[in-house]
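Q: Those protein sequences? They're chains X and E, same order as listed. Every letter in the first sequence is one number past the one before it in my numbering, and letter 38, counting from 1, is 38. Every letter in the second sequence is one number past the one before it in my numbering, and letter 90, counting from 1, is 1090. In this text, a Cβ means the ideal position worked out from N, Cα and C, and glycines have one as well. Remember, predicted model here, so these are calculated numbers, not experimental data.
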Amino acid sequence: KAGVTQTPRYLIKTRGQQVTLSCSPISGHRSVSWYQQTPGQGLQFLFEYFSETQRNKGNFPGRFSGRQFSNSRSEMNVSTLELGDSALYLCASSLGETGWATEAFFGQGTRLTVV
Amino acid sequence: QKEVEQDPGPLSVPEGAIVSLNCTYSNSAFQYFMWYRQYSRKGPELLMYTYSSGNKEDGRFTAQVDKSSKYISLFIRDSQPSDSATYLCAMGGMDSSYKLIFGSGTRLLVRP
């Protein structure tokens, strides 16, 4: 069974640009969550989607947005990039039927560097 | 105060030692608990999942949850150099609304 796939693996962007990251969950999983990981803040929750609906959002500015498609694949977008957005962006996939009681499996992440 | 506290380490042990990793938490509503292993520049890998209190064993790994003390542990028996990584605890519950709350991670180094 294929795991969680995130693309691209690495990105270098300039301040002010925007970026789109993609996540394909494990087959059959309907919940996709996004996390930002930095050395200083650790893993911080961005948002979670289930059946194309955002069920929860973390404390990030509106520049961070996401969506989920009918095949459960998800994208997140960051507009007007800032240096502080440099991080490893991780996507987690779970069955999600109850949303909170199932195991979450992570992809390898997208390492975003903003210069 | 953070919702989940985890000693960042690093924790250095000789090969073959029993390793104990721990997290404490403040939210009594947390009901499910996970341990992840993360190698440098990789995504977290799920090691153990526990729902509510009790113990769970999987090979060399044992997870313990003590909800009365708000304390969870991961034990690694016969530790190997390949276990050298950062170990993250994560947890959630009804009131955390589909998000996991992570500890800051403990760096483990197993010396050959």
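Keeping to the same chain, check which residues put their C-beta closer than 6 Å to that of E/P1051; ignore five residues upstream and five downstream.
A: Before going on, a small fix: residue 1051 of chain E reads as Tyr here, not Pro. Answer for E/Y1051: Y1032, listed in chain order.
Q: With H, G and I counted as helix, E and B as strand and the rest as coil, what does DSSP make of E/P1014?
A: strand
Q: Can you confirm whether X/L43, when its beta carbon is compared against all beta carbons of chain E, has any partner nearer than 7 Å?
A: yes
Q: In chain E, which residues lie less than 7 Å from X/A2 when you measure between Cβ atoms?
A: Near X/A2 there are no residues of chain E at all, since even the closest Cβ is about 14 Å away, more than 7 Å.
Q: Rounded to a whole number of angstroms, what is the C-alpha to C-alpha distance between X/L11 and E/N1027?
A: 36 Å
Q: Residues of the segment 1040–1063 of chain E with a CB closer than 7 Å to any CB of chain X: list them in chain order, please.
A: K1042, G1043, P1044, L1046, Y1049 and Y1051
Q: Mapping DSSP to helix, strand and coil, what is E/D1007?
A: coil
Q: Between E/F1102 and chain X, is the shortest Cβ-Cβ distance under 7 Å, so that the two count as touching?
A: Cβ-Cβ to chain X under 7 Å: yes for E/F1102.
Q: Are at least three pairs of beta-carbons, each pair with one atom in the segment 54–61 of chain X and one in the segment 1–8 of chain X, less than 8 Å apart?
A: Short answer: they don't touch.
Q: Terminal residues of the continuous beta strand (DSSP E) containing X/G96?
A: Note, X/G96: premise wrong, no beta strand (DSSP E); not H, not E.
Q: CA-CA distance, E/S1068 and E/R1107?
A: 27 Å
Q: What does DSSP give as the partner residue(s) for X/D85 in the beta ladder?
A: DSSP lists no partner for X/D85.
Q: Taking only runs that begin and end inside the segment 1072–1112 of chain E, name each unbroken beta strand (DSSP E) of 3 or more residues, in chain order.
A: 1085–1093 and 1106–1111
Q: Taking Cβ positions, are E/V1110 and E/E1015 nearer each other than 7 Å?
A: yes
Q: Three Cβ pairs or more, each shorter than 8 Å: is that satisfied between the segment 63–72 of chain X and the segment 23–37 of chain X?
A: yes
Q: With 16 other CB atoms within 10 Å as the buried threshold, where does X/P25 fall?
A: buried
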